[in-house]
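Here's the structure, in structure tokens; my notes come after.
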Amino acid sequence: MKSSFRYQVLITFALLGFSLVNTAFAQNPYDKFRERRYSNEGYLSEADEMKLGDQVHAEVLKQMRLVQDPTINNYVTSIGRKLARNSLRPNIPWQFYVVDDKSVNAFATLGGKVYVHTGLLAVTQNEAQLASVLGHEIGHIVGRHGLENVKRANKYGTLAGIAQIAGAVLGGRTGASIGELAGNLIAGGYLMKHSRDAEREADYLGLYELDRSGYNTAGMVQMFETLAQISQSQPNSVGSILASHPPAAERAQNTRREIGDYLKGTDARGILNTNDYNRIKGSTPMPADKPRRVRPRG
Numbered sequence: 006m007k008s009s010f011r012y013q014v015l016i017t018f019a020l021l022g023f024s025l026v027n028t029a030f031a032q033n034p035y036d037k038f039r040e041r042r043y044s045n046e047g048y049l050s051e052a053d054e055m056k057l058g059d060q061v062h063a064e065v066l067k068q069m070r071l072v073q074d075p076t077i078n079n080y081v082t083s084i085g086r087k088l089a090r091n092s093l094r095p096n097i098p099w100q101f102y103v104v105d106d107k108s109v110n111a112f113a114t115l116g117g118k119v120y121v122h123t124g125l126l127a128v129t130q131n132e133a134q135l136a137s138v139l140g141h142e143i144g145h146i147v148g149r150h151g152l153e154n155v156k157r158a159n160k161y162g163t164l165a166g167i168a169q170i171a172g173a174v175l176g177g178r179t180g181a182s183i184g185e186l187a188g189n190l191i192a193g194g195y196l197m198k199h200s201r202d203a204e205r206e207a208d209y210l211g212l213y214e215l216d217r218s219g220y221n222t223a224g225m226v227q228m229f230e231t232l233a234q235i236s237q238s239q240p241n242s243v244g245s246i247l248a249s250h251p252p253a254a255e256r257a258q259n260t261r262r263e264i265g266d267y268l269k270g271t272d273a274r275g276i277l278n279t280n281d282y283n284r285i286k287g288s289t290p291m292p293a294d295k296p297r298r299v300r301p302r303g
């Protein structure tokens, strides 16, 4: 009996050791992104992307209510533009908007347009956490994830489809008007239905934007931990930011690993919070109970 028990103990420790070794040597999920180069080649030209992004924004305005308080808007914009300047796509006209919506959500479309819900602002606890969300959305635009989704969509899944979109943007006679096109892109969710790999890439890009902008990278880990807690305790309050993303616990683990391997010490220095954040957090209005909205996936 004792021999059998000792044997079981040895097997248990052997399996535990294998698990720890396997975890230690598992491939970093961010490795595939390190050598990637970003451009609009194979997609719309950058100028056409900007024009289509403007039309998509016009469609968003028809379906969502934006916060009009200039103090809140200017604050979010200041953080977003700092991050964008330190992104791999600093030279497009970045614009940041606050949506009056109680769901915990954020999303990006085309041409540098990023949207964050008041519900998400409400659950952040410091500026670095808010910056991590904006950095993630900036990462989607840097990675051309919205353009990739348009390209993959059945109706626009070929380069000929991209040419059709470009024709509409430029006022050509190649199909629906640009306004109709933008409406279809929003209604079909083509701009926000990202793959989980695209979400990981946006996390990766956002983490480095956070660091280059002088923020404490612990803010991103904290944000993922908060999202994990909310998804468990208040599942009805979360938007599709969690539904379409990898599990928040996995995202926190990936971020910790990247910090430990490549950004050591950045989670112990840099900006974690500011007085501006505390003032804005205290003045952010409660979102409307029944806002008009689409269901983006950021």
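So the sequence shown is numbered by this note's numbering: it starts at 6 and just counts up by one.
No residue lacks a Cβ here, since even glycine has one placed at the ideal position from N, Cα and C.
Computed from a predicted model, the values in this text were never measured in an experiment.
Per DSSP, the continuous alpha helix (DSSP H) segment holding TYR282 begins and ends at 280-288.
The residue among THR222, GLU263, TYR120 and TYR220 with its C-alpha nearest the C-alpha of ASP105 is TYR120. In the DSSP annotation of this structure, the continuous segment of the beta strand (DSSP E) that includes GLN100 starts and ends at 100-104. Between GLY148 and ALA207, the CB-CB gap stays under 9 angstroms. ARG41 and GLU64 have their alpha carbons spaced roughly 32 angstroms apart. In the structure shown, LEU71 falls within a strand segment according to DSSP collapsed to helix, strand and coil. Annotation for PRO34: ARG205 and ASN259 place their beta carbon closer than 7 angstroms to its own, counting only its chain and skipping 5 residues before and after. In the displayed model, HIS199 falls within coil according to three-state DSSP, outside both helix and strand. Here DSSP, grouped into helix, strand and coil, assigns ALA254 to helix. Judged by DSSP secondary structure, ALA111 falls within the beta strand (DSSP E) whose first and last residues are 111-113.
Under the DSSP definition of a beta bridge, TYR120 partners with TYR102 and PHE112.
In the DSSP annotation of this structure, ARG149 is not part of any alpha helix (DSSP H), being labelled neither H nor E.
Residue environment analysis places TYR43 among the exposed positions, since fewer than 16 neighbouring C-beta atoms fall within 10 angstroms of its C-beta.
If one requires a minimum length of 4 residues, the alpha helix (DSSP H) runs lying completely within the region 45-94 are 51-68 and 75-90, in chain order. Scanning ASP266, ALA273 and ASN280 for the CA closest to the CA of GLN32 turns up ASP266.
Taking ALA111 as reference, the option from ARG90, MET228 and GLU51 with the minimal CA-CA separation is MET228. Check the Cα spacing between ALA158 and each of HIS145, GLY188, LYS198 and GLN134: the tightest is with LYS198. Taking C-beta atoms as the reference points, PHE101 and ARG86 count as a pair closer than 9 angstroms.
Between the alpha carbons of HIS150 and ALA203 lies a distance of about 7 angstroms. Counting along the chain, the unbroken alpha helix (DSSP H) around THR231 starts and ends at 223-238. With a threshold of 16 other beta carbon atoms within 10 Å, THR76 falls short and is exposed. For TYR220, the secondary structure class from DSSP, reduced to helix, strand or coil, is strand.
Collapsing the DSSP output to three states places ILE97 in coil. With contacts defined by Cβ atoms closer than 9 angstroms, ALA253 and SER236 form a contacting pair. Each residue's CA atom was taken as its position, placing THR82 and LEU66 some 18 angstroms apart. Taken atom to atom, the span from the alpha-carbon of LYS118 to that of GLY140 is near 12 angstroms.
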